[in-house]
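Asker: A single structure is presented below for examination.
Number of protein chains: 4
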Amino acid sequence: MASKKKVALVGATGIAGQQFVAALADHPWFEITRLFGSSRSAGKTFGDAIRDEKTGARRWWCEVEPSAELSAMRVDNSADFDGDGVDVVFTAIEADVARELEPRLAKKVPVISTASAFRYEDDVPILVPGVNGDHARLLTVQQKKRGWKGYVTPIPNCTTTGLVIALKPIHDAFGVQKVIVTSMQGISGAGRSPGVVALDIIDNIVPYIPKEEEKVARETKKIFATLGEGGLRDAGFVVSATCTRAAVIDGHTESVFVSTENPATPEAVAEVMRAFDGGSSLPSAPKRWIIVHDDPFRPQPRLDRDAEGGMATSVGRLRTDPVLDNGIKFVLVSHNTKMGAAKGAVLVAEQLHTQGML
Amino acid sequence: MASKKKVALVGATGIAGQQFVAALADHPWFEITRLFGSSRSAGKTFGDAIRDEKTGARRWWCEVEPSAELSAMRVDNSADFDGDGVDVVFTAIEADVARELEPRLAKKVPVISTASAFRYEDDVPILVPGVNGDHARLLTVQQKKRGWKGYVTPIPNCTTTGLVIALKPIHDAFGVQKVIVTSMQGISGAGRSPGVVALDIIDNIVPYIPKEEEKVARETKKIFATLGEGGLRDAGFVVSATCTRAAVIDGHTESVFVSTENPATPEAVAEVMRAFDGGSSLPSAPKRWIIVHDDPFRPQPRLDRDAEGGMATSVGRLRTDPVLDNGIKFVLVSHNTKMGAAKGAVLVAEQLHTQGML
Amino acid sequence: MASKKKVALVGATGIAGQQFVAALADHPWFEITRLFGSSRSAGKTFGDAIRDEKTGARRWWCEVEPSAELSAMRVDNSADFDGDGVDVVFTAIEADVARELEPRLAKKVPVISTASAFRYEDDVPILVPGVNGDHARLLTVQQKKRGWKGYVTPIPNCTTTGLVIALKPIHDAFGVQKVIVTSMQGISGAGRSPGVVALDIIDNIVPYIPKEEEKVARETKKIFATLGEGGLRDAGFVVSATCTRAAVIDGHTESVFVSTENPATPEAVAEVMRAFDGGSSLPSAPKRWIIVHDDPFRPQPRLDRDAEGGMATSVGRLRTDPVLDNGIKFVLVSHNTKMGAAKGAVLVAEQLHTQGML
Amino acid sequence: MASKKKVALVGATGIAGQQFVAALADHPWFEITRLFGSSRSAGKTFGDAIRDEKTGARRWWCEVEPSAELSAMRVDNSADFDGDGVDVVFTAIEADVARELEPRLAKKVPVISTASAFRYEDDVPILVPGVNGDHARLLTVQQKKRGWKGYVTPIPNCTTTGLVIALKPIHDAFGVQKVIVTSMQGISGAGRSPGVVALDIIDNIVPYIPKEEEKVARETKKIFATLGEGGLRDAGFVVSATCTRAAVIDGHTESVFVSTENPATPEAVAEVMRAFDGGSSLPSAPKRWIIVHDDPFRPQPRLDRDAEGGMATSVGRLRTDPVLDNGIKFVLVSHNTKMGAAKGAVLVAEQLHTQGML
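Protein chains in written order, with my numbering: chain A, 7 to 364; chain B, 7 to 364; chain C, 7 to 364; chain D, 7 to 364.
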């Protein structure tokens, strides 16, 4: 590869943006050449922009440190950016900001977004590599329809990601019909401003995360949709979610009950899960996409969230469920800020690149 | 009431036994007159028996302090106890010990047990006041069959208790058909020797509690069984549980999905739950058996476990479930060591007393 | 007592204000007759004002529920309040707001404040009942100097409170010379908007609480000051604090090292602590002001914070310290939102009432 | 280096032993050739020996996985081992077992021990590389005196390690006179059988760790001792510790107050700390031995424990202390199971190797 694709990162200084910086450090195909933030950060170096305004204290939240080069890079005002001069844009911004900004950028350049703003539009796929790579074709439809040179392609909500990866081999082999899921989600997904308040979560479970359950149900069906002439046709199955917050830093745990079209034993499900390969040649891809545990005490978020660099989905407790028709039940753990956010978005970019879409 | 019923407490010095001491403090109908423990405690006063052998430090785990009188009471060896001299026995011991000891005592005196040893025998009811009070009649069958003057009547597993209370008004009004439940259980139920190890649960969820799921499924069906000529006939519905442990001190949170025979709106379920009265005249009974929250962020274990002295079941997030036939979903919180253990057992004794069985 | 003193509560709807509502429920001497809040709350009933604006969910943080009467009481805008019509005002507001508001109210009526705004002014005592009740005389000086009918009297920072109570009997008996303290503070003191962010404190210690250490040092010396003709003369001793935040809901734990003028054995210190009575006849006062534990594993915040209704200071691990001259070291636990905040302020009001100052 | 030194690991299957396996993976100088455990593990492969006997579940607690080769290695009974056939032994066993076993092995081979059994004997140094490397000479005295070909050299308690590293540059530059320290220790140091019980630590601080404070005081003075003709002469300074347990997985946080002989500003202390190099050429050594933070919110155990692979000591909050003569105060974080245990012991072995003692 002659030279790396030029990347602009929008929303660079927040916790989600920092995760992109970490995810793209020493990336073989991509390099960050532009950083964008709010007017508050604009004009500062990245190193200065991540300092607390009052105390001057550095606020960096990832294990991987930013390079000296990146720390010295200037952060520009995203309000002034139109997508010029880069090959791809990653956005780590709130939905309402994304709704204004992303179409402007997509006129010129592909935009890979962590925001939910465009997830539910007809010509917008929600890509999960290994699960619905063929939906990338919908981006061409989007470009034509909207007259854009680029496109907007959002990744799913972090609770959806692990679920669809675990369901994919089951769906292929046995046909998913119904899904009931209860999530116990880590707090890092909520960010830091203010994110989850400690007084609410220590020695506690919070049984509600606004809008989360609708997202999980809607996105799961869209991700498993069939892409035909008339666009996406939602998967025929129904999803019912109860999403809760637990006193866990990183990692979403999900208790899943599935009804399949054709009978499936726990052993057979374990086998197709272990055999599942969502594309391990991509640089950010896990070697093992799904790690199936026999130990009934696994998966646990603290022990399993970082498996395969936070990119694997860990599954355990595979059992027959007596309530649903052809019922199977299991527990999964997925890293919400790695596979479920920035690294997952980079993986989408890698797949689009191999598909000639970047 | 001329004089109080004499109570023997077996397993008095452990954490569960201490909760009985707290639950029976100043009780209007019952008074502890005998305390029993292992050979290690035998011969000591209760106040001495709850001291750590190495350090001499007092190990008392309840909010309510034992009276001076009780602290001075001698603990005897339960191996030497045959039930003489008391009106009722409460046991707070492990299942394997209970299997030997409880039948010996039941020859002479009613035994109300927190152990699982006899829960699944045909002539043993699992009583939950307000839910299946009529099953108390089975105790007469048990007495005849076994030739005992007393009987053994166990309370359910603490995860079952909240579930069956929440299901009772639904079952009466709409007919429960299927139940899927994921629990996020507090750590106190596991006791202290060693109970849950901190290294396993901080910043974590453990997706497995040995034997718990089978107990929940089996006990729920038995509690809702019909008592006829031939004994108990299990309720026709199926229960599927995934039981997990969370970093919560007290209180079990359960995410429940129910299929009913007749259609039920969330509003209708809220109404029958609020109207449910399991018998509020008993001394230990809550005024409100089920507290239904409209606030979607409730119930939370830390905020709701102590409602009505830990005896209420708190329910929230009542919604329609799209997966199950006539599906309803909700979240409940129940206090595992109060309604789910000692105070719940005392409530059973109170009910049996009003039924003339004590 | 013919009738109760009329109380206005300013900052009623926040977490600290709610604690005043709980602290004054069924109080024998005081009754809340006016509630004040920001313009956002003004005009609403208290019951409505504590609902979340977006979700309508009730946000009540105390164990004691507000009465129906209080829930129906109108909240007025504190900007329009001048102190008329009440006998005493309690404030639960930020320091910058207090700086403006409290002098206006103090022209007409005594103001008992949880804010730090006036703590360090020469004519303002920081009262802790049982420790420096005689400093109340300074309020008369304040009134004269400022030409006020009322006065402002702040309670100390919540970390100071437990420390000065534990030091008081030591100082009286042996003469405190030097104090080194490391605090491990609960998160509830930081409130909820946003208070402590969960991502910062789970599985963690935060070694810094802005301004806290200065407050502890300064207030401790002022509380032990001698009040003479020329006003307060600071105690001669020095205090050095390191204040940290721990993953504890309520309760501040402090590791204290003290140098005394006259030699003191741990036994002698335990004796004077146990004998200390800060005035147990006041309605909110603990029976035992200092509970001294022999068990080396105590005090613990979760087990000891609620001792005596959260009004006791629990001390343990009394030992000789080899570093300081006549060194003594111990650990204390004090409830930061009970004795350290609203209930402590009510206790101050009770003492002022018995001193004829209210 | 022609070939690697042969290592025997005693106590291989416990959590501390596993950390040695991780610390020695791909080590350039050492390779594990023998594994020893209790009779329960003896005869099994290492892979089998770390499985739970009841459930068969694998119990592995480190990030680094054991190699296939090591997993297949047989675990032998340590009771049958006399030190033959290896160049060095690492032990990860309890003090009472160490007292019997380590002298037997030391007759033939150097033993580097994490146990406290021999720490306080006159001819036994407590080595911390970079702090008291010259004490290694005492091992020759030990060999002569005891007639051993090998020796026993224990590492310090994990709470001592970070403290002595932070004190070393202060001592060299300004002369440490007095030390007061309050620790807030992570739970992993207590192991898992049962280690810290969750019920004791969630939402809590435990103010006592048996024997810990004596170890910290005694070891610190011994580590800074002067080695002369007559052996070690303890450093003249006094150390006073209060050791507490916090709800932190890994990492010990220590609030330290130091009195120095010559005056030292916080800036000067920061400078000598940053300049401190304990020997960065050793394979396990950190590049930066002490990381000094200007951000007052650092160090925090969750953010800083893994700095430099868990081998750095992180220091922050350097301030003047007004209580002690020439007082300096600061907060440090040190990884208790990396620098404070197995990796720290490997570092000792590396240093002894460069000193020709292995």
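C-beta: ideal position from N, C-alpha, C; glycine also.
Bear in mind the structure is a predicted one, so any value in this text is a computation, not a measurement.
Check whether the Cβ atoms of residue 97 of chain A and residue 106 of chain A sit closer than 8 angstroms, and answer yes or no.
Answerer: No, these two residues do not count as a Cβ contact at 8 angstroms.
Asker: Sorted by chain position, which residues of the same chain lie with C-beta nearer than 6 angstroms to residue 238 of chain D's C-beta, five sequence neighbours on each side aside?
Answerer: Same-chain partners within the cutoff: 231.
Asker: Would you say residue 336 of chain A faces chain D, with C-beta separation under 8 angstroms as the test?
Answerer: Output row for residue 336 of chain A: interface = no.
Asker: With 16 as the cutoff for other CB atoms within 10 Å, does residue 266 of chain B come out buried or exposed?
Answerer: Per the 10 Å Cβ criterion, buried.
Asker: Would you mind working out which of C:99, C:66, C:94 sits nearest residue 84 of chain C, comparing C-alpha positions?
Answerer: Residue C:99 is the option with its Cα nearest to residue 84 of chain C.
Asker: Taking the alpha-carbon of residue 190 of chain A as reference, which of B:302, B:184, B:213 has the nearest alpha-carbon?
Answerer: The residue with the shortest Cα to Cα distance from residue 190 of chain A is B:213.
Asker: Within 8 angstroms of any Cβ in chain D, is that where the Cβ of residue 205 of chain B sits?
Answerer: With 8 angstroms as the cut-off, residue 205 of chain B counts as an interface residue toward chain D.
Asker: Have a look at residue 32 of chain B and residue 248 of chain C and give me their C-alpha separation to the nearest angstrom.
Answerer: Those two C-alpha atoms are separated by around 45 angstroms.
Asker: Locate the alpha helix (DSSP H) running through residue 228 of chain A, then write down its first and last residues.
Answerer: Taken as a continuous stretch (DSSP letters only), the alpha helix (DSSP H) holding residue 228 of chain A covers 218-229.
Asker: Hey, is residue 102 of chain B's beta-carbon within less than 8 angstroms of any beta-carbon in chain A?
Answerer: Taking Cβ atoms only, chain A never reaches closer than 8 angstroms to residue 102 of chain B, which makes this a no.
Asker: On the three-state DSSP scale, how would you describe residue 165 of chain C?
Answerer: Here residue 165 of chain C sits in helix by DSSP.
Asker: Using a Cβ cut-off of 7 angstroms, pull out every chain B residue sitting near residue 209 of chain D, in sequence order please.
Answerer: The answer, in chain order, is 255.
Asker: Taking all protein chains shown into account, decide if residue 357 of chain C is buried (16 or more other Cβ within 10 angstroms of its Cβ) or exposed.
Answerer: The residue in question, residue 357 of chain C, is buried, as its Cβ has 16 or more Cβ neighbours within 10 Å.
Asker: The ligand SAM heavy atoms versus the CB of residue 13 of chain D: any closer than 7 angstroms?
Answerer: This structure lacks the ligand SAM, and indeed carries no ligand of any kind.
Asker: Output yes if chain C places a C-beta closer than 8 angstroms to the C-beta of residue 339 of chain A; else output no.
Answerer: No - not a single Cβ of chain C is within 8 angstroms of the one on residue 339 of chain A.
Asker: Determine contact between the region 120-133 of chain A and the region 271-278 of chain A, defined as no fewer than three beta-carbon pairs at a distance below 8 angstroms.
Answerer: No, because fewer than three Cβ pairs between the region 120-133 of chain A and the region 271-278 of chain A fall closer than 8 angstroms, the two stretches do not touch.
Asker: Are the region 62-76 of chain B and the region 344-352 of chain A in contact at 8 angstroms, needing three or more beta carbon pairs?
Answerer: Segments in contact, no.
Asker: Can you tell me whether DSSP reads residue 333 of chain C as helix, strand or coil?
Answerer: Strand.
Asker: How far does the beta strand (DSSP E) with residue 191 of chain C in it reach, from first residue to last?
Answerer: 182-191 is the span of the beta strand (DSSP E), which, as asked, contains residue 191 of chain C.
Asker: Are the CB atoms of residue 318 of chain D and residue 296 of chain D nearer to each other than 8 angstroms?
Answerer: A contact, by the Cβ cut-off of 8 angstroms.
Asker: Three-state secondary structure (DSSP) at residue 345 of chain C?
Answerer: Reduced to three states, the DSSP call for residue 345 of chain C is coil.
Asker: Three-state secondary structure (DSSP) at residue 359 of chain A?
Answerer: Residue state, collapsed to three classes: helix.
Asker: When burial is assigned at 16 or more other CB atoms within 10 Å of the CB, is residue 304 of chain D buried or exposed?
Answerer: Classification for residue 304 of chain D: buried.
Asker: Looking at residue 264 of chain C: is its Cβ nearer than 8 angstroms to the Cβ of residue 280 of chain C?
Answerer: It is not a contact, given that the beta carbons lie outside the stated cut-off.
Asker: Near residue 79 of chain A, what residues of its chain come up, given a Cβ to Cβ distance below 7 angstroms and the 5 sequence neighbours on each side ignored?
Answerer: Hits under 7 angstroms: 41, 51, 52.
Asker: If the cut is a Cβ gap below 8 angstroms, which residues of chain D does residue 193 of chain B touch?
Answerer: Within 8 angstroms Cβ-Cβ: 204, 205, 208.
Asker: How is residue 89 of chain A classed by DSSP in three states: helix, strand or coil?
Answerer: Three-state result, residue 89 of chain A: coil.
Asker: Residues in the same chain with beta-carbon distance under 6 angstroms from residue 174 of chain B, minus the five sequence neighbours each way, listed in chain order, please.
Answerer: Result list for residue 174 of chain B: 137, in chain order.
Asker: Checking 8 angstroms against the spacing of the C-beta atoms, do residue 307 of chain D and residue 262 of chain D come in under that value?
Answerer: No, Cβ-Cβ distance for residue 307 of chain D and residue 262 of chain D is not below 8 angstroms.
Asker: Within the chosen definition, does the region 45-65 of chain B reach the region 12-29 of chain B through at least 3 CB pairs nearer than 8 angstroms?
Answerer: These segments touch.
Asker: Using a Cβ-Cβ distance under 8 angstroms, would residue 139 of chain C count as near chain A?
Answerer: False, the Cβ-Cβ gap to chain A never drops below 8 angstroms.
Asker: Can you pull out the residues from the region 299-321 of chain A whose beta carbon lies closer than 7 angstroms to at least one beta carbon of chain D?
Answerer: Listed by position, the residues of the region 299-321 of chain A near chain D (Cβ gap below 7 angstroms) are 301, 302, 303.
Asker: Identify every residue that forms a DSSP beta bridge with residue 203 of chain B.
Answerer: Bridge partners of residue 203 of chain B: D:203.
Asker: Beta-carbon of residue 261 of chain A versus every beta-carbon of chain B: anything under 8 angstroms?
Answerer: Yes, because at least one Cβ of chain B sits closer than 8 angstroms to the Cβ of residue 261 of chain A.
Asker: Taking residue 360 of chain D as the reference, give the member of D:335, D:344, D:290 with the closest Cα.
Answerer: Of the candidates D:335, D:344, D:290, the one whose C-alpha sits nearest the C-alpha of residue 360 of chain D is D:290.
Asker: Out of A:233, A:63, A:27, A:188, point me to the one whose CA is closest to residue 246 of chain A's CA.
Answerer: For the residues A:233, A:63, A:27, A:188, the minimum Cα distance to residue 246 of chain A belongs to A:188.
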